[in-house]
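A short worksheet on the structure shown next.
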Amino acid sequence: METVAPSQQREAAPSTDHDSKTADDTWWRSGVIYQIYPRSFADGNGDGTGDLAGIRARLPYLKELGIDAIWYTPWYVSPLADGGYDVADYRAIDPAFGTLAEAEVLITEALELGIRTIIDIVPNHVSAQHTWFQQALNAAPGSPERARFWFHKGLGPNGDEMPTHWPNNFGGEVWSRTTNPDGTPGEWYLHLFDSQQPDLNWSNPEIIDEHEQILKFWFDRGVAGIRIDSAALLVKDPALPEIPENPGPGEHPNTDRDELHEIYRGWRAVADSYPGSRALIGEIWLPDTERFAAYLRPDELHTAFNFDFMTRAWGATNLRESIDMMLAAHEPVAAPATWVLSNHDVTRAVTRYGRSDSSFDFLKKRRGVPSDLELGTRRARAAALLTAALPGSLYIYQGDELGLPEVEDLPLDQMHDPMFFRSNGTDPGRDGCRVPLPWRGDDPPFGFSLTDDHAPAWLTPPREWARYTAARQDIDPDSMLTLYRRMLAIRRDEGSLGDGPMRWIDSERDVLAFRRGESFVNVSNLSEHPVTLPAGCVPLLSSMPLVEKPDGMTLPTDSTVWLRLTDARQHLTGEPRTA
Ligand code: GLC
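Under the working numbering, the first residue of the sequence shown is numbered 594, with each subsequent residue one higher.
Right, dumping it as structure tokens:
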């Protein structure tokens, strides 16, 4: 493997912006961001695990796809108890993926192709193997080492009752008990996720300071943005009360507490101290859109994932309601919306959209719910164009551009996700959306390893995935990959797409039609019948073939077309709507 010199680019990185795309300080308002789950993207050294060498080799693929930035899920040293969201050292790359020096080279090489780097910071917790937690376990109750976490004595006469009964995000309990050096049961510690992910105590100034240093460490290496994991969970009520039945705003003891805003103002100050714009992107699951938008005030985060759209069932009224609601929520804080169809935590879009109930909810995830993949793929194609035309930035989860379905029949010995194990298998977990990408060939693992065709991948892709390989789709004009490439090429050239206003157009029932700028129109037909397109429009791209009928071109059901209006006065009317 090529050797790389460490840190050469450090000072130069922020000023290596060289084309108009990477010189644009507002890139995060419109950008197309591709999410890489490094373990499953491409394997450069033949050990069956994805790595930085694999990503470097595949950068031309991403360039051709037409993205503006890559977001890497955690690539740091980690025991992988939660797929890397259990970080043991924020300043080092896991040896399974590569080295820090190689990450620096990757950041630079991507930037040379006009692709920025976004990394994932996990501030709510660390790995139980992190030095801080190991020190805390070895220190006495009440010590400064334990004050970095939430150690607490148990309730009841023997201290064997947990301090609270808060629910765990992965199922099971949120407290685990430690053992004293003499073997007697000791204090409990808090973990909102797995027991290998102890929660940090954000009331402790040392934690605030450490994270600002971590941000600087990565910004110094040319990183353009930070995805903030579990961004609304960090702060806890130190009194550790139970969760009230109907908590009012800011009253929940571990979610969306008001003190968070001060923390993110500090992060924003760090980001703003760098040249160019370093974007802060929150993973914020909150049903209250006003509380959600409060994180996007001008001196806090730049954007946050819009999960509402992703969780909605396929249906015009439902999706339009979500679009209107989210755009309205962003308006008062002047932040751009984001559009997300899937990620490493949720069921793949083509599988979701092929189900009779196509909404998503962690609580109702079950194995073996049937899905019509042909229908799901058709809808996922329509959804791709629809979301790419909406105002704001766009996220693409690796493999969605290949139309990969969820793998729902992984054998037990291939299951890794704590969500599966902590729910005793009731929840199928998230391994099924993290299966290594199929690149080429007819047999699993489909060229996942660049150096050894036969190296087994850490999770085995199903045999049927031969039809989804990037190589096969590359030469197929009707493939999902071709659709994504065309879509992103148009989106890049079309000045009215990305950030900016949109305007709904009066249309038939169950049709989502809107205008961007004067002449660009998106029509998504979610009705059960084909719809006739206005005369004189020029189709730019459609998710399914248009059908010529005597009274004009028609758009089939469950599809989207992008049109160019040749005459702005055509009977497409509508009220202006600002984003
Ligand atoms: C976020 C991540 C998820 C992880 C959890 C705990 O929700 O997206 O993958 O398990 O946080 O860090």
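Even for Gly, the Cβ is constructed at its ideal location relative to N, Cα and C. All values reported here derive from a predicted model rather than from experimental measurement.
(message) Quick check on the DSSP output: the alpha helix (DSSP H) that includes A656 runs from which residue to which?
(response) Inspection of the sequence shows that residue 656 is occupied by Lys rather than by Ala. Where K656 is concerned, the enclosing alpha helix (DSSP H) stretches over L652 to L658.
(request) Along the alpha helix (DSSP H) that carries P1011, what are the first and last residues, could you check? (result) Boundaries of the alpha helix (DSSP H) harbouring P1011: P1011 to R1015, taken from the DSSP string.
(message) Tell me the rounded alpha-carbon separation between G1110 and D1092.
(response) If you draw a straight line from the Cα of G1110 to the Cα of D1092, it is about 11 angstroms long.
(request) Please name the residue, chosen from R651, A694 and W768, that lies closest to P1031 on a Cα-to-Cα basis. (result) Of R651, A694 and W768, the residue nearest in Cα terms is R651.
(message) I'd like to check one pair, N797 with R741: are the Cβ atoms closer than 8 angstroms?
(response) Contact flag set, yes.
(message) So the candidates are P756, L699 and I800; which of them puts its Cα closest to the Cα of E738?
(response) Checking every option, the nearest Cα to that of E738 belongs to I800.
(message) Can you check which of these residues, L853, P868 and L785, is closest to A616 by C-alpha distance?
(response) Looking at L853, P868 and L785, the one whose alpha-carbon comes closest to that of A616 is P868.
(message) Counting C-beta neighbours from all protein chains within 10 Å, is the total for L730 16 or more, i.e. buried, or is it exposed?
(response) Buried is the label assigned to L730, since at least 16 other Cβ atoms lie within 10 Å of its Cβ.
(request) Could you name each continuous beta strand (DSSP E) segment of 3 residues or more that falls completely within the segment 812-836, going from the start of the chain to the end? (result) As far as the segment 812-836 is concerned, its whole beta strand (DSSP E) runs of at least 3 residues are 818-821.
(request) Use the C-beta contact count for H1047: other C-beta atoms within 10 angstroms, 16 or more gives buried, fewer gives exposed. (result) Around the CB of H1047, fewer than 16 other CB atoms lie within 10 Å, so the residue is classed as exposed.
(message) Looking at ligand 1, does it come within less than 7 angstroms of S569, judged from the CB to the closest heavy atom?
(response) For residue 569 there is no data in the structure shown, the boundaries of the chain being 594 and 1172.
(message) Taking the straight line between their C-alpha atoms, what separation do you get for G749 and E835?
(response) Cα atoms of G749 and E835: separation of roughly 16 angstroms, rounded to the nearest angstrom.
(message) Suppose contacts are defined by Cβ-Cβ distances below 8 angstroms. Is T1153 in contact with N1115 by that definition?
(response) For T1153 and N1115, yes; Cβs fall inside 8 angstroms.
(message) Given 7 angstroms as the limit, tell me if V698 has its C-beta closer than that to any heavy atom belonging to ligand 1.
(response) False, no ligand heavy atom lies under 7 angstroms from that Cβ.
(message) Could you check if D938 belongs to the surroundings of ligand 1, using beta carbon to heavy atom distance under 7 angstroms?
(response) Yes, ligand 1 has a heavy atom inside 7 angstroms of this Cβ.
(request) Consider the C-beta atom of E549 and the heavy atoms of ligand 1; say whether any pair is separated by less than 7 angstroms. (result) The requested residue 549 does not occur in the structure, where the chain is confined to residues 594 to 1172.
(message) Closer than 8 angstroms is the cut-off here; do at least three beta carbon pairs connect the segment 929-947 with the segment 969-985?
(response) Yes, they touch.
(message) In the DSSP output, which residue or residues are listed as bridge partners for A1106?
(response) Paired residues: V1116.
(message) Within 10 Å of its beta-carbon, does Q806 have 16 or more other beta-carbons around it, so buried, or fewer, so exposed?
(response) By the neighbour-count criterion, in which a residue is buried when 16 or more other Cβ atoms sit within 10 angstroms of its Cβ, Q806 is exposed.
(request) Classify A646 as buried or exposed, calling it buried when 16 or more other Cβ atoms lie within 10 Å of its own Cβ. (result) Buried is the call here.
(request) Just tell me which of V1131, I711, P774 and W795 has its CA closest to the CA of L1158. (result) Among V1131, I711, P774 and W795, the Cα nearest to that of L1158 belongs to V1131.
(request) Less than 8 angstroms between the CB atoms is what I'm expecting for R1096 and R1108, so what's the real figure, rounded? (result) Taking 8 angstroms as the upper bound for CB-CB distance, R1096 and R1108 are in contact here, some 5 angstroms apart.
(message) Would you say the beta carbon of F955 is closer than 7 angstroms to some non-hydrogen atom of ligand 1?
(response) No, since every heavy atom of ligand 1 falls outside the 7 angstroms radius drawn around the Cβ of F955.
(request) Could you tell me how far apart the beta carbons of T1075 and F1039 are, in whole angstroms, since I believe they sit closer than 8 angstroms? (result) Not a contact, Cβ separation roughly 18 angstroms.
(request) Go through its chain and collect everything with a Cβ distance to P1021's Cβ below 8 angstroms, but skip five positions before and after it. (result) Excluding positions up to five away in sequence, the list reads K958, R959, R960, E1001 and F1013.
(message) Considering just the uninterrupted stretch of the alpha helix (DSSP H) at A864, what are its terminal residues?
(response) Counting along the chain, the unbroken alpha helix (DSSP H) around A864 starts and ends at L853 to D865.
(request) Name the two residues that bound the continuous beta strand (DSSP E) containing A662. (result) It spans A662 to Y665 - the beta strand (DSSP E) in which A662 sits, taken as one unbroken run.
(message) Considering only heavy atoms of ligand 1, does any lie closer than 7 angstroms to the CB of G1040?
(response) For ligand 1, not one heavy atom lies less than 7 angstroms from the Cβ of G1040.
(request) Can you grab the Cα-Cα spacing for the pair V767 / H804, in whole Å? (result) Taking C-alpha positions only, V767 is separated from H804 by approximately 23 angstroms.
(message) For the segment 818-831 against the segment 703-717, do three or more pairs of beta-carbon atoms, one drawn from each stretch, fall closer than 8 angstroms, so that the two count as touching?
(response) The answer is yes - the segment 703-717 touches the segment 818-831, with three or more Cβ pairs under 8 angstroms.
(request) Following the continuous alpha helix (DSSP H) through G969, name the residue where it begins and the one where it ends. (result) Per DSSP, G969 belongs to the alpha helix (DSSP H) from L966 to A982.
(message) Residues in the same chain with beta-carbon distance under 6 angstroms from E999, minus the five sequence neighbours each way, listed in chain order, please.
(response) Within the same chain, T940, R941, T944, G1025 and C1026 come within 6 angstroms of E999 by CB-CB distance, once the 5 residues on both sides are set aside.
(request) Kindly examine ligand 1 and report whether one of its heavy atoms sits closer than 7 angstroms to the Cβ of F786. (result) Correct: F786 has its Cβ closer than 7 angstroms to ligand 1.
(message) The beta strand (DSSP E) that contains L1158, what's its start and end?
(response) Counting along the chain, the unbroken beta strand (DSSP E) around L1158 starts and ends at S1152 to L1158.
(request) Compare the Cα-Cα distances from T777 to each of D679, I700, E1141 and N751 and report the closest residue. (result) For the residues D679, I700, E1141 and N751, the minimum Cα distance to T777 belongs to N751.
(request) Report yes if the CB atom of V719 is closer than 8 angstroms to the CB atom of P791, and no otherwise. (result) The Cβ atoms of V719 and P791 sit closer than 8 angstroms to each other.
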